[in-house]
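Using full-length UniProt numbering, you'd call the opening residue of the sequence shown number 1 and step up by one each time.
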Amino acid sequence: MEGKPVDESAVTRGATPAAATKRGRWIAVLAVIVVLALAVQGIWSRHDAHATLERDAEHAAKLTVEVVHPQKSNATLDLVLPGNVQAYLDTPIYARTNGYLKKWYADIGTHVKAGQLLAEIDTPEVDDQLRAARADVTNAQANYELAKTTADRWTDMLKNKSVSKQETDEKVGDMLAKKGTLDAARFNVARLEKTQSFQKVYAPFDGIVTARNVDVGALIDAGSAGGPAKELFHVAQADRLRVYVNVPQAYSQQIHPNEAAYLTLTETPGKHYPGTVARTSGAVDPTQRTMLVEVAVDNRNGELLPGAYAQVHFALSAQATPFTLPGNALLFRPDGVKVAIVDEQQRVRLVKVSLGTDYGTRVAIASGLAGNEQVILNPQDSIVDGAPVRIVQTKAGGAKPASGAAGGAASGAANAQAPAAG
């Protein structure tokens, strides 16, 4: 037994089937694992892509909004209203006599002084009438002197009873009639001399010529404003200006004479032109429900032009209202005025508010807000409670309503002139 050699090939052949079977099982298991891993990876990838798509769709479905926080009321608020800038004095210059324009001495843009000669008018008809009137005076003077001499002579003869009293009275009466004719002739000469003096047209005050409507040789008719005659010049005193503003009834009790105000112009942004409330009409126009206010502005530097449009700013009391909002943050619904705020879940919540005074650029909120809300600017009319939103950064100036128009939102006025009273 011990001397019998071992057949190694037989041993190897006997172990090969079992080892092969074992390796096959492991290969099958590995293949299944790989297939399962690939399947799981594919399923997970599709699930992750679907979730990402859902998130993107939900993000895209959210309404993007700009928000603003309620602003605490200041001691004063800025009421902005449109104003009409006018020269302190603005006068059309008409001729007081008929004739032809002989010469003019001032054109548009010319600064003139009071009493400065503007034009000369050639008046041949008036000159002829004046010469005739002076001749009438000479004739009347001669007739009067003769009548006076006769009356004096007859009065002396009456003392001697040389003539009757009746004849003397007739001579005295004739003298008085001749005296009346002489006085009338003299008055006529004075009138024509006055008319002739209107040949020269003078500036009534210091100012600037804003219009010249005639030229040399033009036929001139005496006239006045509203008549058929055409004005010769237009002179304005622009070193001081009057700015007229229609103030809504709601603010009429808060504006008084001698209070400060200032003007701004679109063409000079950021620049203020100080003024003072000169006077108020003291009454509300029953048609417009506004009170006329005049603001006086010093314009010795000539920066403001008569006839221009300006925004007039008045500082008004906030009247103890806790907060203010831009007018374009309000929603007008059938059940009242509301604002749309964004809650902690980034969803819309509509809150009913009570309005206070409309200050033109902002609207006072009397109640309904705590002050820490995120109020949506320019909310859509279709916005509803619970709608998901996404807040974006407010653009520069986005929280500022358009001048006048935003203020008019609270009162229902659409024009930029002023919010409606009440």
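Backbone N, C-alpha and C define an ideal beta-carbon position, used for all residues, glycine too. The model shown is predicted, which means the values in this text are computed figures rather than measured ones.
What did DSSP end up calling residue i once you bin it into helix, strand or coil?
i, result
"E120", "strand"
"R347", "strand"
"residue 423", "Outside the shown range of the chain, which is 1 to 422, sits residue 423, and nothing can be said about it."
"N301", "coil"
"Y105", "coil"
"D385", "coil"
"I43", "helix"
"K400", "Per-residue confidence for K400 stands at a pLDDT of 42, beneath the threshold of 50, marking its modelled position as unreliable; the derived number appears in the next sentence. The answer is coil: DSSP assigns K400 none of H, G, I, E or B."
"R13", "Here the model assigns R13 a pLDDT of 49, short of 50, so the residue's position is not dependable, and the following value carries that caveat. In the structure shown, R13 sits in a helix (DSSP, three-state: H, G or I)."
"N246", "strand"
"Y359", "coil"
"E373", "coil"
"L38", "helix"
"R131", "helix"
"S252", "helix"
"L232", "coil"
"L330", "coil"
"R23", "helix"
"A31", "helix"
"E125", "helix"
"Y94", "coil"
"T287", "coil"
"P82", "strand"
"S73", "coil"
"V392", "coil"
"residue 428", "The structure shown does not extend to residue 428, since the chain is modelled only from 1 through 422, so no value can be given for it."
Pull up the distance between the alpha-carbon of residue i and that of residue j, whole angstroms please.
i, j, result
"Q305", "K194", "With the sequence shown as reference, residue 305 is identified as Leu, and Gln is not the correct amino acid for it. Those two C-alpha atoms are separated by around 37 angstroms."
"L77", "A261", "12 angstroms"
"Q166", "K200", "53 angstroms"
"W371", "T324", "Note on identity: in this sequence residue 371 is Gly, with Trp being the wrong assignment. Taking the straight line joining both Cα atoms gives about 10 angstroms."
"H256", "Q86", "20 angstroms"
"K102", "E259", "50 angstroms"
"I365", "L355", "5 angstroms"
"N328", "P379", "8 angstroms"
"F233", "A119", "9 angstroms"
"R333", "G282", "36 angstroms"
"I376", "T357", "21 angstroms"
"T150", "N213", "58 angstroms"
"V363", "L350", "18 angstroms"
"Y273", "Q237", "18 angstroms"
"A28", "E344", "55 angstroms"
"G217", "I121", "9 angstroms"
"R279", "L265", "22 angstroms"
"M157", "V172", "13 angstroms"
"A184", "A95", "26 angstroms"
"Q254", "T290", "13 angstroms"
"V68", "V235", "51 angstroms"
"N299", "P269", "18 angstroms"
"N301", "Y105", "25 angstroms"
"D107", "D215", "10 angstroms"
"G368", "L89", "50 angstroms"
"K179", "L130", "20 angstroms"
"V337", "P248", "21 angstroms"
"K400", "F314", "Bear in mind that the predicted position of K400 carries a pLDDT of just 42, short of 50, making it unreliable; the figure below should be weighed with that in mind. Roughly 18 angstroms separates the two Cα atoms."
"residue 427", "T287", "What the structure shows of the chain is the stretch from 1 to 422, and residue 427 is not part of that stretch, so it cannot be assessed."
"T97", "E145", "34 angstroms"
"R23", "L30", "10 angstroms"
Taking C-beta to C-beta, are residue i and residue j nearer than 8 angstroms?
i, j, result
"P124", "G99", "yes"
"V277", "V65", "no"
"K72", "P326", "no"
"D385", "V353", "no"
"A147", "N188", "no"
"residue 481", "L330", "In the structure as shown, the chain begins at 1 and stops at 422. Residue 481 is therefore absent and cannot be evaluated."
"T110", "V209", "yes"
"L263", "A340", "no"
"E373", "P70", "yes"
"T155", "T168", "yes"
"L38", "A387", "no"
"V126", "L81", "no"
"V312", "V245", "yes"
"E231", "I93", "yes"
Are the C-beta atoms of residue i and some chain C residue less than 8 angstroms apart?
i, result
"P70", "The structure shown has no chain C; it contains just one protein chain."
Closer than 7 angstroms: is that where the CB of residue i sits relative to any heavy atom of the ligand SAH?
i, result
"Q237", "This structure lacks the ligand SAH; in fact it carries no ligand of any kind."
Unbroken stretches of the alpha helix (DSSP H), 4 residues or longer, contained in the stretch 136-204: Those alpha helix (DSSP H) runs which fall completely within the stretch 136-204 and span 4+ residues are 165-197.
With a threshold of 8 angstroms, are at least 3 pairs of Cβ atoms found where one atom belongs to the stretch 107-125 and the other to the stretch 203-221? yes
Determine contact between the stretch 215-222 and the stretch 129-139, defined as no fewer than three beta-carbon pairs at a distance below 8 angstroms. no
Contact between the stretch 226-243 and the stretch 282-302 (3+ Cβ pairs under 8 angstroms): The stretch 226-243 vs the stretch 282-302: in contact.
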